[in-house]
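Visitor: Residue numbers (full-length UniProt numbering): 1 to 207.
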Amino acid sequence: MFTGIIEEMGIVKNIVYGNFSKIIVECNRVLEGTKIGDSIAVNGVCLTVNDISKDSFTADVMPETLRASNLKDLKNGNRVNLERALQAGGRFGGHIVSGHIDFTGDILGKRQEKNAYIFKISTKEKYSKYIVQKGSIAVDGISLTVVDAQQNYFTVSIIPHTMGETTFNYKNVGDSVNIEVDILSKYVEKLINKKDMKDFLSENGFV
């Protein structure tokens, strides 16, 4: 489990695509205390570390992970957002992020509004019901609050600190970003769709 609070930006040292895709990421902070078998979120994608050097880690990337995320678009030298999995007793600063991407969205617009940047990002109709105004969402692994939510897009506001410390500083219109909707909204939907719960809500005038 992750929190969506990015610890540092890493640089793709090498990425190999094929039957056995793997990525090597140059970094510093996330290597502290990390051992083989640990999880690190790369642009919000949960990957398992299988090798560590003094300035990088290596992880395998499954074909389905490539299909479902923007990792397939990475090139050597690209920056990526990194976060280690939350440890027991660790500080929880964002929201619950699983590291499993729901879909990729395209940046439709980017504008500055006073001291913040507003990003407009496309969504898929299947997931729009989970994206609500003032709700939480993870974009490339970053925990953000939804400013506006429509059927085919949503907007988020990025403060200067987040811009400077994440890959948003390098994003432009047309770029693809990984989206993970708030997992709690999925649990709520599953709960209320159970027959007993639907009957209870109906009997008590909630639906």
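Quick reminder that beta carbons are idealized off the backbone N, C-alpha and C, glycines included.
In whole angstroms, give me the CA-to-CA distance for Q171 and G33.
Guide: Stepping through the sequence shown from its first residue, residue 171 is reached at position 171. Stepping through the sequence shown from its first residue, residue 33 is reached at position 33. The sequence shown places Lys at residue 171, rather than the Gln named in the question. Roughly 30 Å between the two C-alpha positions.
Visitor: Check for me: the alpha helix (DSSP H) holding R29 runs from which residue to which?
Guide: Numbered from 1 along the sequence shown, position 29 holds the residue referred to as residue 29. Premise fails: R29 is in no alpha helix (DSSP H) and is neither H nor E.
Visitor: List the whole-angstrom C-beta distance separating G105 from I121, where the pair is believed to meet the contact cut-off of C-beta under 8 Å.
Guide: Here residue 105 refers to the residue found at position 105 when the sequence shown is read from its first residue. Here residue 121 refers to the residue found at position 121 when the sequence shown is read from its first residue. By a beta-carbon distance limit of 8 Å, G105 contacts I121. Their separation comes to about 4 Å.
Visitor: Expressed to the nearest angstrom, what Euclidean distance is found between the alpha-carbon atoms of D148 and I137?
Guide: Position 148 of the sequence shown, counted from the start, is the residue given in the question as residue 148. Position 137 of the sequence shown, counted from the start, is the residue given in the question as residue 137. One C-alpha to the other measures close to 12 Å.
Visitor: Could you tell me which residues DSSP pairs with K110 in its beta bridges?
Guide: Position 110 of the sequence shown, counting from 1, holds the residue named residue 110. Paired residue(s): F119.
Visitor: Confirm, please, whether the CB-CB distance from V181 to G99 is below 8 Å.
Guide: Taking the sequence shown and counting its residues from 1, one reaches residue 99 at position 99. Taking the sequence shown and counting its residues from 1, one reaches residue 181 at position 181. Contact: no.
Visitor: Please give the ranges of any beta strand (DSSP E) in the UniProt repeat "Lumazine-binding" (96 to 192), keeping only runs that are unbroken, at least 3 residues long and fully inside the region.
Guide: 103 to 113, 116 to 122, 136 to 139, 142 to 149, 153 to 158, 176 to 181
Visitor: The alpha helix (DSSP H) spanning A68 covers which residue range?
Guide: Position 68 of the sequence shown, counted from the first residue, corresponds to residue 68. From DSSP, the alpha helix (DSSP H) with A68 extends over 63 to 68.
Visitor: Output the boundary residues of the beta strand (DSSP E) element that contains F57.
Guide: Stepping through the sequence shown from its first residue, residue 57 is reached at position 57. That run of the beta strand (DSSP E) goes 56 to 60.
Visitor: Assign E189 to one of two classes, buried (16 or more other C-beta atoms within 10 Å of its C-beta) or exposed (fewer than that).
Guide: Walking along the sequence shown from the start, residue 189 turns up at place 189. Label assigned to E189: exposed.
Visitor: Which of the three DSSP states, helix, strand or coil, is assigned to L71?
Guide: The residue you call residue 71 lines up with position 71 of the sequence shown. If DSSP states are grouped into helix, strand and coil, L71 belongs with the helices.
Visitor: Under 8 Å, do D140 and N78 count as touching if we go by C-beta distance?
Guide: Within the sequence shown, residue 140 is the residue found at index 140, counting from 1. Within the sequence shown, residue 78 is the residue found at index 78, counting from 1. For D140 and N78, no; Cβs fall outside 8 Å.
Visitor: The beta strand (DSSP E) with M9 in it runs from where to where?
Guide: Start at 1 with the first residue of the sequence shown, and residue 9 comes out as number 9. Its beta strand (DSSP E) spans residues 8 to 16.
Visitor: Candidates H161, R111, N14, I183: which alpha carbon is nearest E8's?
Guide: Along the sequence shown, read from residue 1 onward, the residue named residue 8 stands at position 8. It is H161 whose Cα lies nearest to the Cα of E8.
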